[in-house]
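Visitor: So that we are looking at the same thing, I have put the structure below in structure tokens.
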Amino acid sequence: MVSISRETPQETRTRLGQVLAEAAFAVLPGQWAYHEYPASPVPQPSAGALALVRDEESWCVLEPARGDKAELFGAFSFHFPQAADNSGFVGWLAGELKDRLGTGVAVLCGHNSAQGGIYDYWLVPAQLLDQAVAHVRSLAGGGGGADRR
């Protein structure tokens with residue numbers, strides 16, 4: 016369920032900092048890339064793929080990089096506690112990373128009821144992964160929740 020929060024910007028920062036501190040945080044190994052496939056047939060993604068998305072013309076699979084020259088990403092994830100009000104989290108943390116590192120992000124969301132519900136995969140340019148992870152940990156008070164790296 017999506018939460019609707021009416022609060023001041025400071026209240027939002029405080030709430031989302033707490034959500035971050037309570038989230039299970041993991042850094043995914045290796046580098047990631049989008050690989051494009053024709054619109055049909057549906058591609059068979061690798062076992063390590065994180066996402067399969069399509070538009071009108073093609074399929075796109077986010078999976079471990081294969082030594083190609085595609086844009087390379089580092090990835091990390093958050094699994095949020097079931098009762099957490101994480102409304103605004105993506106915008107808040109994306110803004111924090113843009114301010115600190117000068118980069119935008121890509122975020123993929125999913126749902127896993129066995130792990131509390133909503134989870135996010137975050138992509139940053141591979142060369143900025145360590146800096147992004149350090150900033151996330153600092154925002155979480157040094158811990159980054161249940162860190163799984």
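For the working numbering, count along the sequence shown from 1 and bump the result up by 15.
C-beta: ideal position from N, C-alpha, C; glycine also.
Kindly list the residues whose CB is nearer than 6 Å to the CB of residue 51, restricted to its own chain and excluding five residues on each side of it in sequence; keep chain order.
Guide: 73, 75
Visitor: Let me check understanding here. Comparing Cα to Cα, which of 118, 49, 155 lies closest to residue 15?
Guide: Residue coverage of the chain in this structure runs from 16 to 164, which leaves residue 15 outside it and unanswerable.
Visitor: Here's a check: name, in chain order, each residue in its chain whose Cβ is nearer than 6 Å to the Cβ of residue 130, leaving out the five neighbours to either side.
Guide: 94
Visitor: Does DSSP put residue 146 in a helix, a strand or coil?
Guide: In the structure shown, residue 146 sits in a helix (DSSP, three-state: H, G or I).
Visitor: Buried or exposed: where does residue 26 fall if 16 or more other Cβ atoms within 10 Å of its Cβ makes it buried?
Guide: With a 10 Å radius around the Cβ and a threshold of 16 neighbouring Cβ atoms, residue 26 comes out exposed.
Visitor: Which value, in whole angstroms, describes the spacing of the CA atoms of residue 56 and residue 71?
Guide: Going by the C-alpha atoms only, they are around 13 Å apart.
Visitor: Sorted by chain position, which residues of the same chain lie with C-beta nearer than 8 Å to residue 31's C-beta, five sequence neighbours on each side aside?
Guide: Only 101, 103, 104, 107, 108 meet the Cβ criterion.
Visitor: So what does DSSP say about residue 104, is it helix, strand or coil?
Guide: In the structure shown, the three-state DSSP call for residue 104 is helix.
Visitor: Output the distance between the C-alpha atoms of residue 145 and residue 62, rounded to the nearest integer angstrom.
Guide: 25 Å
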